[in-house]
Amino acid sequence: MRLLIISDTHGDISKVCKVVNDIKDLIDGIIHLGDIVEDADKLRKLYSKIPVYNICGNCDYGTNVPPMNILDFEGKKIFITHGHLFSVYYDTTKLVYKAMELGADVALFGHTHIPYLEQIHNVYAMNPGSLTQPRGGSKPSYGIIKIENGVITPSLVEYKED
13 MRLLIISDTH GDISKVCKVV NDIKDLIDGI IHLGDIVEDA DKLRKLYSKI PVYNICGNCD
73 YGTNVPPMNI LDFEGKKIFI THGHLFSVYY DTTKLVYKAM ELGADVALFG HTHIPYLEQI
133 HNVYAMNPGS LTQPRGGSKP SYGIIKIENG VITPSLVEYK ED
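In terms of the numbering used here, the sequence shown opens at residue 13 and continues consecutively.
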């Protein structure tokens, strides 16, 4: 099982589409971590054979999409949220504690537009960064989560222009 992790596309899915077109035969799902909900809807229409999971972010107004969710893939729980509700600009403590409370193996978040990956208290905390609006000197990026034989392998990938 391989999942493409994206966040903070803010209305521009052009780079996401390039990534998906390059790896669509290698992924089993796409997780969009908010900002903007409509971008996840567009991806669902464009790639109807690939499941798209999403939550709303701080820039998603008037939506019924929840701000967090817990997903189960091959017995591994993944907590998804945008991050703004957990003060992720300062640190990931609140986020990781919430993931632990939910029994999650992974906590995925966005909001900062800065890629981040760390294992804390047996929980992987990961922010894929942003493909369209990277911040903090980071490059456009996305994440991949691989689950194989009960082992989770998260990775961050820097987007390279052709």
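Quick reminder that beta carbons are idealized off the backbone N, C-alpha and C, glycines included.
Owing to the predicted nature of the structure, the values given are computational and were not obtained by experimental measurement.
Kindly indicate the opening and closing residues of the beta strand (DSSP E) around ARG14.
By one-based count along the sequence shown, residue 14 stands at place 2. Residues 14-18.
Compare the C-alpha of ALA116 against each of LYS88, GLY141, ASP37 and name the closest.
On the sequence shown, position 104 is the one that residue 116 refers to. It is LYS88 whose Cα lies nearest to the Cα of ALA116.
Ordered along the chain, which non-local residues of its own chain (more than five positions away) have a Cβ less than 8 Å from that of HIS133?
Looking up residue 133 in the sequence shown gives position 121. Counting only Cβ-Cβ distances below 8 Å, and skipping sequence neighbours, we find VAL108, MET112.
N- and C-terminal bounds of the alpha helix (DSSP H) containing SER26
The count along the sequence shown starts at 1 and reaches residue 26 at position 14. Residues 26-35.
CA-to-CA distance, GLY41 to ILE157, given in whole angstroms
Translated into the one-based positions of the sequence shown, residue 157 becomes position 145. Translated into the one-based positions of the sequence shown, residue 41 becomes position 29. Rounded to whole angstroms, ILE157 to GLY41 spans 10 Å at the Cα level.
Between the CA atoms of SER19 and SER150 - distance to the nearest angstrom
Here residue 150 refers to the residue found at position 138 of the sequence shown. Here residue 19 refers to the residue found at position 7 of the sequence shown. Using only the alpha carbons, I get a separation of about 14 Å.
On the DSSP letters alone, give me the boundaries of the beta strand (DSSP E) that GLU160 sits inside.
To locate residue 160, count along the sequence shown from 1; it is residue 148. Per DSSP, GLU160 belongs to the beta strand (DSSP E) from 153-160.
Are at least three pairs of beta-carbons, each pair with one atom in the segment 93-110 and one in the segment 126-142, less than 8 Å apart?
yes
Give every residue of the same chain whose Cβ lies closer than 7 Å to the Cβ of SER99, excluding the five residues on either side of it in the sequence, and list them in chain order.
Taking the sequence shown and counting its residues from 1, the one referred to as residue 99 is at position 87. So the qualifying residues of the chain are LYS106.
As assigned by DSSP and simplified to three states, the class of GLY123
Here residue 123 refers to the residue found at position 111 of the sequence shown. The sequence given here has His at residue 123, not Gly. Here HIS123 sits in coil by DSSP.
Pick from MET13, THR21, PRO127, CYS68: whose alpha carbon is nearest that of GLU170?
Position 158 of the sequence shown, counted from the start, is the residue given in the question as residue 170. The shortest C-alpha separation from GLU170 is found at PRO127.
Quick one, are the C-beta atoms of HIS125 and GLN145 less than 8 Å apart?
The count along the sequence shown starts at 1 and reaches residue 125 at position 113. The count along the sequence shown starts at 1 and reaches residue 145 at position 133. Closer than 8 Å, so yes.
What does a CB cutoff of less than 8 Å around ASP84 pick up in its chain, not counting 5 residues either side in sequence?
Locating residue 84 in the sequence shown gives position 72, counting from the first residue. ILE90.
Kindly indicate which residue of TYR73, LYS57, ASP37 has the alpha-carbon position closest to the one of LEU16.
For the purposes of this step, residue 16 is taken as residue 4 along the sequence shown, with counting starting at 1. Selected option, being the one with the closest Cα: ASP37.
Residue environment, ASP174, which counts as buried when at least 16 other CB atoms sit within 10 Å
As a first step, residue 174 must be located in the sequence shown, where it is residue number 162. Classification for ASP174: exposed.
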